[in-house]
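Numbering (this note's numbering), first residue to last: 82 to 188. The beta-carbon is built from N, C-alpha and C at its ideal position, and this holds for glycine as well. Just so it is clear, the structure is predicted and the values come from calculations on it, not from any experiment. Following: one structure in structure tokens, then a few remarks.
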């Protein structure tokens, strides 16, 4: 694999991963060691099977799209919605509006 092509593929893979926070995850470390075996030395990138790396990149892109679509079309699966809001959205999905419920006044 060519050096510039390898770097480009490595950068594409990093873009698909969640951003690096204060410390790197094991996936970030493994990916870096795969492409750059000795990070301190300016060694050329390791030979990574190009097909394998491209398939992994496609998998990461698909997972990102899956999560985006899941959040868009199934908002209740995230768990941050209460039961009344979930019921209201379910009714709207089938074309109904929930009646407005007022509080009962004590007599």
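Counting along the chain, the unbroken alpha helix (DSSP H) around residue 96 starts and ends at 84 to 97. For residue 111, the enclosing alpha helix (DSSP H) starts and ends at 107 to 116.
Here residue 91 is buried: its Cβ has 16 or more other Cβ atoms, across all protein chains shown, within 10 Å. Pairing residue 97 with residue 145 gives a Cβ-Cβ distance under 8 Å. Going by beta carbons, residue 87 and residue 116 fall inside the 8 Å limit.
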